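Peer 1: Shown below is the structure under consideration.
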Amino acid sequence: MRRLAAVKTWSLLSVTALAGLGALVSGKAGDRTLLVPGATSDGHHQIELACDACHSPFGGSAALDASCTRCHGAELAAADDTHPRRIFTDPRNAMRLAQLDARRCVSCHREHWPEGTREMGVTVAEDQCAFCHDDIGHERASHAGLDAASCTDTGCHKYHDNRSTYEEFLVSHAGEPPLLARAAPAPSVPRAPTPGRTPLTAANADAPDSVELESSELSDWAESAHAAGGVNCSGCHAPEGRWSNAVSVDACGRCHTGERAGWVSGKHGMRVGLGLSPMRPASAREPMQAAASEAELGCNSCHGSHRFDRRAAAVESCLGCHADTHSLAYEASPHARALRAELDGQAPVGSGVSCATCHLPRVTHATGQRTVEHNQNANLRPSEKMLRSVCLDCHGLAFAIDSLADAASIQNNFASPPAQHVPSIDWALAHAGRSPSIPGAEHEPPSTTRSSSTPPL
Amino acid sequence: MLLPTALALASLVACKSASSSPAGGVSPQQLADAVHAVLESDRAVYTREVVNRLQNELGVIKASEHWKEDKALPLPAQMFRMGADLTAQKEAGVHYALLSQWPISRQNLPRTDVEKGGLAFVVENPTQNYYGSERLGDTNYFTAVYPDKAIAPACVQCHNQHASSPRHDFALGDVMGGVVIRLAQ
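As they're listed, the protein sequences go chains A and B.
For the record, in the first sequence the residue sitting at position 420 is 491 according to this note's numbering, with numbers rising by one throughout.
For the record, in the second sequence the residue sitting at position 16 is 418 according to this note's numbering, with numbers rising by one throughout.
Written as structure tokens, this is what we have:
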């Protein structure tokens with residue numbers, strides 16, 4: 072009888088514990104922080120409490136890989152991923168899988184392992200390239216004796232995205248000067264007006280009488296692109312008929328679909344994209360301005376409301392939160408000087424460089440329309456992604472690579488020229504049977520950054 | 403192409419001999435030969451009717467190794483590899499590759515014993531194919547190697563001039579490498 076009672080008690084406790092765990096995992100009860108087995112990587116820490124973003128369905132590396140692909144698959148496809156899964160399902164590579172099962176994302180990007188996680192969430196050894204490419208010295212004399220840990224140095228090779236560093240690309244940009252004669256930016260094709268809408272004036276504003284307007288709100292709106300495009304107060308404040316003073320990201324996204332999609336994919340909006348509360352600077356791992364620490368990020372955080380000042384959104388909004396060394400050095404940087412010169416009318420339109428120029432770049436679509444990439448992370452890691460989308464608009468490739476490879480130069484927001492030289496272009500030229508003629512090589516380049524037991528050429 | 407491949411693969415379960423036909427089915431060798439016939443034909447059509455016609459005869463568009471960058475046509479060998487990649491993604495039990503003893507990319511060197519033996523054989527015997535079996539990882543494969551000859555001046559020209567090519571004396575008609583087809587068993 073006593074034994075039966077004990078069994079009943081254990082059964083009840085077990086069921087209760089399982090139900091509690093289930094409720095925690097599903098997010099229906101309590102704080103999931105207790106469930107996090109270890110700190111997540113910089114890329115995922117904001118969403119680590121949205122367990123099912125990665126663990127759905129729960130269990131197994133295949134399920135995790137599917138989750139990785141859900142968020143990162145399109146980006147990898149666009150990058151012409153150099154090491155897609157299909158390479159490692161090839162029977163020819165079966166023997167290599169024993170060393171590293173590269174069919175799985177999680178073989179190289181293990182989460183909840185802070186002590187073993189490197190930049191970009193990589194959790195394999197720095198010299199992992201040698202597993203398959205240890206004979207590269209036979210193919211490229213310039214690479215003989217190189218430390219395999221240096222393969223992924225800035226300006227060299229990346230595991231997934233090599234669009235800016237493959238040999239022919241390097242060769243085609245050889246000899247470019249540090250500063251290119253920048254062409255005027257292509258005129259943007261305005262967003263097509265919604266059929267049936269006509270430009271509005273302050274007299275047309277349809278805010279209910281019960282809404283108290285601040286003096287500037289009406290005039291700001293009346294001068295905005297929204298009024299010009301026929302978007303009335305209710306278009307943002309009552310998109311489904313019920314008025315709300317606050318305008319949600321989803322309300323903006325009803326028209327700005329692409330911008331919203333980019334924003335929820337980046338660090339500013341990924342929490343909102345997964346149904347979590349908005350990101351606050353206080354939760355960031357990078358240094359932020361104390362005064363902004365409790366602000367909740369939404370479209371208005373950067374764009375304000377009613378006036379939608381894109382110029383402010385390109386610099387002031389960024390610096391209102393970001394307080395890392397690179398951001399704090401912006402105002403004294405050559406990029407900022409160029410922007411001030413442009414705004415003062417002393418330099419051509421489009422010659423200035425704001426924070427957004429590099430981190431939220433304009434993208435020209437096949438239709439000619441130019442939109443802003445609102446995923447601030449889209450070209451940030453690895454930094455070579457920025458070469459094509461931004462740097463090469465103004466700078467020669469060699470100078471741009473050298474700059475991105477110079478940590479001190481990045482810290483001071485490129486206030487000083489790069490103090491080192493990455494020999495990628497030199498080596499590509501030598502392999503193609505051409506003489507290096509890049510400015511850095513001609514004018515006594517600084518010491519190379521590559522560790523090699525043989526001369527670079 | 404994949405439907406008959408899948409049907410034939412199903413018939414391989416009871417197949418004991420590579421070249422003899424099981425009752426009501428096809429042998430691995432027959433299947434590999436059939437797959438090769440399709441691949442070879444598709445590649446010839448693409449080379450002749452797309453690349454050669456549009457680039458050389460009409461001058462409408464060029465073919466380029468960096469076809470995306472150059473907004474050009476993929477080279478026939480690249481088209482072949484893209485098909486191989488897509489087939490590999492389907493994980494349907496058939497893999498094929500274009501390998502060579504003198505590849506532009508060292509990743510396309512023969513790696514397994516069957517690949518090494520097969521490529522050496524077809525170079526020495528340009529009119530014959532090579533068949534073998536091998537165990538890679540935890541799977542057995544029937545592997546066939548077919549000679550891949552320089553059928554157009556462009557093949558020879560590109561390989562002889564390419565900075566990454568280890569051989570620069572190919573002539574028209576030479577065996578430049580081999581098509582390797584693998585069937586999971």
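We treat Cβ as the ideally placed atom computed from N, Cα and C, and that holds for glycine.
Note that the coordinates shown come from a computational prediction; the quantities given were computed from them, not determined experimentally.
#1: Establish whether the CB of A/A100 and some CB of chain B are separated by less than 8 Å.
#2: What in chain A is Cβ-close to B/R508, meaning under 9 Å?
#3: Given 8 Å as the limit, is there contact between the segment 475–490 of chain B and the segment 439–458 of chain B, that is, 3 or more CB pairs closer than that?
#4: Taking 8 Å as the CB-CB limit, is A/H160 close to chain B?
#5: Is A/L431 close to chain B, meaning its C-beta is less than 8 Å from at least one C-beta of that chain?
#6: Between B/Q491 and chain A, is there a C-beta pair that is closer than 8 Å?
#7: Compute the Euclidean distance between the alpha carbons of A/T438 and A/E444, then round it to the nearest angstrom.
#8: Which same chain residues end up closer than 7 Å to A/D395 when comparing Cβ atoms and leaving out the 5 residues on each side of it in sequence?
#9: Under the rule that 16 or more other beta-carbon atoms within 10 Å means buried, what is B/P555, buried or exposed?
#10: On the DSSP bridge list, what partners appear for A/I158?
#11: For A/R163 and chain B, any beta-carbon pair shorter than 8 Å?
#12: Please go through the same chain and pick out, in chain order, the residues whose beta-carbon is closer than 8 Å to the beta-carbon of A/P279, but skip the five residues on each side of it.
#13: Please give me, in chain order, every unbroken run of the alpha helix (DSSP H) with length at least 4 that falls completely inside the segment 118–158 of chain A.
#14: Would you call the segment 466–475 of chain A and the segment 231–247 of chain A in contact, with 3 or more CB pairs under 8 Å?
#15: Rounded to whole angstroms, what's the CA-CA distance from A/G154 to A/S235? Just pull it up for me.
#16: Any beta-carbon of chain A closer than 8 Å to the one on B/A499?
#17: Does the distance from the CB of A/T442 to the CB of A/E330 come in under 8 Å?
#18: According to the neighbour-count rule (16 or more other Cβ atoms, all chains shown, within 10 Å of its Cβ), is A/R268 buried or exposed?
#19: Interface residues of chain A around B/Y543 at Cβ under 7 Å?
#20: Judging by CA-CA distance, which residue of A/S364, A/W334, A/D218, A/N316 is the nearest neighbour of A/E283?
#21: Residues in the same chain with beta-carbon distance under 7 Å from A/A499, minus the five sequence neighbours each way, listed in chain order, please.
#22: When you compare only the Cα positions, how much space is there between A/H143 and A/A149?
#23: Return the Cβ separation of A/A363 and A/C392 in integer angstroms, given the expectation that the two are a contact with Cβ distance under 8 Å.
#24: By Cβ distance below 7 Å, which residues in the same chain neighbour B/Q563 in space, the five residues on each side in sequence not counted?
#25: Check for me: the alpha helix (DSSP H) holding A/E365 runs from which residue to which?
#26: Going by other Cβ atoms of all chains shown within 10 Å of its Cβ, with 16 needed for buried, is A/L414 buried or exposed?
#27: Hey, quick one: how far does the beta strand (DSSP E) through B/G534 stretch, first residue to last?
#28: Just to make sure I have the definition right: I need the residues of chain B whose C-beta is within less than 8 Å of the C-beta of A/L168. Which are they?
#29: Here's a check: name, in chain order, each residue in its chain whose Cβ is nearer than 8 Å to the Cβ of A/A293, leaving out the five neighbours to either side.
#30: If you reduce the DSSP assignment to three classes, tell me which class A/M350 lands in.
#31: Going by the beta-carbon positions, is the gap between B/V582 and B/T545 smaller than 8 Å?
#32: May I ask you to list the residues that DSSP assigns as paired with B/N542?
#33: Should A/S213 be labelled buried (16 or more other beta-carbon atoms within 10 Å of its own) or exposed?
#34: How far does the beta strand (DSSP E) with A/T396 in it reach, from first residue to last?
#35: In angstroms with no decimal places, state the Cα-to-Cα distance between A/D232 and A/E146.
#36: Checking 8 Å against the spacing of the C-beta atoms, do B/G580 and B/Y548 come in under that value?
Peer 2: Looking at the atomic coordinates:
#1: Here residue 100 of chain A refers to the residue found at position 29 of the first sequence. Any reading at A/A100 needs caution, since the residue's pLDDT is 48, under 50, leaving its predicted position unreliable; the model's value is listed next. Chain B contact via Cβ: absent.
#2: For this step, residue 508 of chain B is matched to residue 106 along the second sequence. By Cβ distance, chain A contributes H204, D206, I207, H209, E210.
#3: yes
#4: One-based indexing of the first sequence puts residue 160 of chain A at position 89. Checking the sequence, you will find Thr at residue 160 of chain A rather than His. It does; some Cβ of chain B falls within 8 Å.
#5: Sequence index remark: in the first sequence, residue 431 of chain A carries index 360 (1-based). So, not an interface residue.
#6: As a first step, residue 491 of chain B is located in the second sequence; it is residue number 89 there, counting from the start. With 8 Å as the cut-off, B/Q491 counts as an interface residue toward chain A.
#7: Position 367 of the first sequence holds residue 438 of chain A. Position 373 of the first sequence holds residue 444 of chain A. Taking the straight line from one Cα to the other gives about 16 Å.
#8: For the purposes of this step, residue 395 of chain A is identified with residue 324 of the first sequence, where counting begins at 1. So the qualifying residues of the chain are E357, P358.
#9: Sequence index remark: in the second sequence, residue 555 of chain B carries index 153 (1-based). When all chains shown are included, B/P555 counts as exposed.
#10: To locate residue 158 of chain A, count along the first sequence from 1; it is residue 87. BP columns for A/I158 are empty, so no partner.
#11: Position 92 of the first sequence, counted from the start, is the residue given in the question as residue 163 of chain A. Output row for A/R163: interface = yes.
#12: Taking the first residue of the first sequence as 1, we reach residue 279 of chain A at position 208. Within the same chain, A/P279 has close Cβ partners W314.
#13: 132–149
#14: yes
#15: Position 83 of the first sequence, counted from the first residue, corresponds to residue 154 of chain A. Position 164 of the first sequence, counted from the first residue, corresponds to residue 235 of chain A. Note that residue 154 of chain A is His in the sequence shown here, rather than Gly. Whole-angstrom Cα-Cα distance: 16 Å.
#16: Numbered from 1 along the second sequence, position 97 holds the residue referred to as residue 499 of chain B. True, the Cβ-Cβ gap to chain A drops below 8 Å.
#17: Position 371 of the first sequence, counted from the start, is the residue given in the question as residue 442 of chain A. Position 259 of the first sequence, counted from the start, is the residue given in the question as residue 330 of chain A. Yes, the Cβ-Cβ distance between A/T442 and A/E330 is below 8 Å.
#18: As a first step, residue 268 of chain A is located in the first sequence; it is residue number 197 there, counting from the start. Exposed, by the Cβ-count rule.
#19: Position 141 of the second sequence, counted from the start, is the residue given in the question as residue 543 of chain B. Neighbours of B/Y543 on chain A, chain order: P162.
#20: Walking along the first sequence from the start, residue 283 of chain A turns up at place 212. The shortest C-alpha separation from A/E283 is found at A/N316.
#21: Start at 1 with the first residue of the first sequence, and residue 499 of chain A comes out as number 428. Correct list, in chain order: E238, L241, V242.
#22: On the first sequence, position 72 is the one that residue 143 of chain A refers to. On the first sequence, position 78 is the one that residue 149 of chain A refers to. Roughly 10 Å separates the two Cα atoms.
#23: As a first step, residue 363 of chain A must be located in the first sequence, where it is residue number 292. As a first step, residue 392 of chain A must be located in the first sequence, where it is residue number 321. Between A/C392 and A/A363 the Cβ distance is about 5 Å, and since that is below 8 Å, they are a contact.
#24: One-based indexing of the second sequence puts residue 563 of chain B at position 161. If we look at B/Q563 and ignore the five residues flanking it on each side, it has no Cβ neighbours.
#25: Along the first sequence, read from residue 1 onward, the residue named residue 365 of chain A stands at position 294. Counting along the chain, A/E365 falls outside any alpha helix (DSSP H), and DSSP gives it neither H nor E.
#26: As a first step, residue 414 of chain A is located in the first sequence; it is residue number 343 there, counting from the start. Burial call: exposed.
#27: Here residue 534 of chain B corresponds to residue number 132 of the second sequence, with the count starting at 1. Start and end: 532–538.
#28: As a first step, residue 168 of chain A must be located in the first sequence, where it is residue number 97. Those within 8 Å of A/L168 in chain B are G539.
#29: As a position in the first sequence, residue 293 of chain A is number 222, starting the count at 1. So the qualifying residues of the chain are L271, T272, A273, A276.
#30: Within the first sequence, the letter at position 279 stands for residue 350 of chain A. It is coil, neither helix nor strand.
#31: Taking the second sequence and counting its residues from 1, one reaches residue 582 of chain B at position 180. Taking the second sequence and counting its residues from 1, one reaches residue 545 of chain B at position 143. Yes.
#32: If you number the second sequence from 1, residue 542 of chain B lands on position 140. B/R537.
#33: The sequence position of residue 213 of chain A within the first sequence is 142, counting from 1. A/S213 should be labelled buried.
#34: Mapped onto the first sequence, residue 396 of chain A falls at position 325. From DSSP, A/T396 is part of no beta strand (DSSP E) but of the alpha helix (DSSP H) over 396–399.
#35: Numbered from its first residue, the first sequence carries residue 232 of chain A at position 161. Numbered from its first residue, the first sequence carries residue 146 of chain A at position 75. Approximately 10 Å between the Cα atoms of the pair.
#36: Working through the second sequence from its first residue, we reach residue 580 of chain B at position 178. Working through the second sequence from its first residue, we reach residue 548 of chain B at position 146. Yes. Within cutoff.
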